[in-house]
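Shown next, in structure tokens, is the structure this report addresses.
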Amino acid sequence: MRMTALQIGRQGKIHKTVATISTCAGYTRDKRATLRQRVQICLLLRFRYKIFLLKNNAFPDELRYIQSRAEGEIRLIRRFISQCFFAGIFLSAWTALAGTESYDYKQAPPPPPPSWCETPPTFEIRVGAPGWLAGISGDTGVLGLVDSTDITFSEVLRHLTHVPIVLSAEFRYQRWELFGDGQYMEVGASATLPGLLFTNANLHLKDGLAEAFLGYRLINCDKAALSLFAGARYNYEGVNLSIFNNGDARLVILRQLLGIRNKLAVSGSTDWVDPVIGVRGKVRIWKATSLYAEGDIGGFDANSDSAFDIHRQGRTLVKTPISSEDWSYQLQGGFEFQVSRWFWTQVGWRWLRTDFVSGGFTNKTDLNGPFVQGGVNF
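In my numbering, the protein residues as written are 3 to 380.
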């Protein structure tokens, strides 16, 4: 069958269009082409195919051939696009789970705020020099003779015979604490007598207090601490009393007849140890300023035995049995200032009550007054 010139021309255009479509489709399978370029080529194929149908009244067989070639290439492109889409989803999920090296640390959330209860250093050593400006009030007595006293700190200070010895120390390892303090002082006074048998009297008192405790911190934070402790408190009381004649006594002959010497002296002392339990705590309220408090109770009648006192009935001195006691109570508290890395000071109040009656010795007194202490810590 012989084709006309018109048919030959149309067939040439058809082959040219098919060749163009094949070239473009081959480019879509090129791995060097980006996804965007391949999509653009796919759209170009469709566009050229429609233009060709409009401009050329192609024969049905030829149109089916062109359409089948174009649709085959388009299916390949669609398959490639769908594969790229699912591959992108898989890579995104993998990146979200496994992370990426290009993580932007600038967008990281801020670190959580520090905990309120930060653990303090493992070791701590504190050494101080306490100053207790206490007055004394209550009942004291020796050999069954009891008298009431009320002495202010200024009076005690005027009658000091030497500088008091004071010291406090504390050692802590993690939650365990070992601490204690002590003081020793001597006071003296003299008086002029009526001068019948003796002219002068001297009184010298010695007082010592030492305590040591082992504690465990229930709360162990840098800003707050609470401890339970147990230990012992040592008490010492001593007295020296002397009366003498300096040569001015008026009843010299009577002294000679009675055999009374020109000087009489008596001395005595007692000491005891009380078991003690207590609690103490400290909380920081502002920067280097803290509140501290401590309380304990001791004695528990550990040293109680028989006791007596002496009182006058008419012209006779009568010795009467009384109940023995051994109790002690202490409270103290105030402010603590961390002056620098190594130095600290405390300002507060301290009260110690002692109820001790044993034999003929009586010490039922209150020591009460301001408390000032300074020291170093390591």
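All C-beta atoms in this analysis are idealised placements derived from N, C-alpha and C, irrespective of residue type, glycine included.
Distance from the Cα of S360 is smallest, within the candidate group I324, P122, A171 and T124, for I324. Beta-bridge analysis with DSSP links Q185 to V168 and L211.
Proximity to G335 across Q348, F215, K289 and V341 peaks at Q348, based on C-alpha coordinates. G137 and P112 have their alpha carbons spaced roughly 57 Å apart. Distance check between T291 and each of Q258, D224, G143 and G182 places D224 closest, using alpha-carbon atoms only.
With fewer than 16 neighbouring CB atoms inside 10 Å of its own CB, S192 falls in the exposed class. As the crow flies, the alpha-carbon of G316 is around 15 Å from that of T322. T356 counts as buried, since at least 16 other C-beta atoms from the protein chains shown sit within 10 angstroms of its C-beta. With respect to H164, V189 sits apart: the two C-beta atoms are not nearer than 7 Å. Taking each of K289, T318 and S330 in turn and checking the Cα distance to S306, the smallest one comes out for S330.
Excluding sequence positions up to five before and after Y218, its CB lies within less than 8 Å of the CB of R177, W178, E179, S229, L230 and F231, all in the same chain and listed in chain order. Between V374 and F345, the C-beta gap is not smaller than 7 Å, which leaves the two residues out of contact.
For R286, there is no enclosing alpha helix (DSSP H); the enclosing beta strand (DSSP E) covers residues K265 to W288. Taking the Cα of V268 as reference, the smallest distance to any Cα among D141, D298 and L205 is reached at L205.
Close CB contacts of N370 within its chain, under the 7 Å cut and outside five residues either way in sequence, are with A136, G137 and W353 (chain order). For the options N247, E239 and V320, the alpha carbon positioned closest to that of K366 is the one of E239. The three-state secondary structure of L259, taken from DSSP, is helix.
Excluding the 5 residues flanking it on each side, D303 has same chain C-beta neighbours closer than 8 Å at S326, E327, D328 and W329, in chain order.
According to the DSSP assignment, F345 belongs to the beta strand (DSSP E) that extends over F345 to S360. Contact check for V144 and G350: beta-carbon distance about 33 Å, past the 8 Å limit, so the pair fails to qualify. No residue range can be given for S326, since it is assigned to no alpha helix (DSSP H) and is classified by DSSP as neither H nor E. R343 and G297 have their C-alpha atoms some 28 Å from each other.
Counting along the chain, the unbroken alpha helix (DSSP H) around V158 starts and ends at F155 to R160. Under the 10 Å beta carbon count, A131 is surrounded by fewer than 16 other beta carbons and is classified as exposed.
DSSP, reduced to helix, strand and coil, places R177 outside both helices and strands of the structure shown, so it counts as coil. Within the same chain, A227, S292 and Y294 come within 6 Å of K284 by CB-CB distance, once the 5 residues on both sides are set aside. The residue from F200, A234 and T201 with its alpha-carbon nearest to that of A214 is A234.
When the five nearest sequence neighbours on each side are left out, the beta carbons in the same chain lying within less than 6 Å of the beta carbon of Q332 are those of D298 and L354, in order along the chain.
The closest CA to that of R286, considering only R77, P115, L207 and C119, is found on C119. Taking 7 Å as the cut-off, the Cβ atoms of F200 and I245 count as close.
Cβ contact annotation for L259 (same chain, cutoff 6 Å, sequence separation greater than five): none. Rounded to whole angstroms, the Cβ separation of V148 and D311 is 6 Å, and the two are in contact under 8 Å. Straight across, the Cα-Cα distance linking V320 with G140 is about 23 Å. For V129, the enclosing beta strand (DSSP E) has its first and last residue at F125 to W134.
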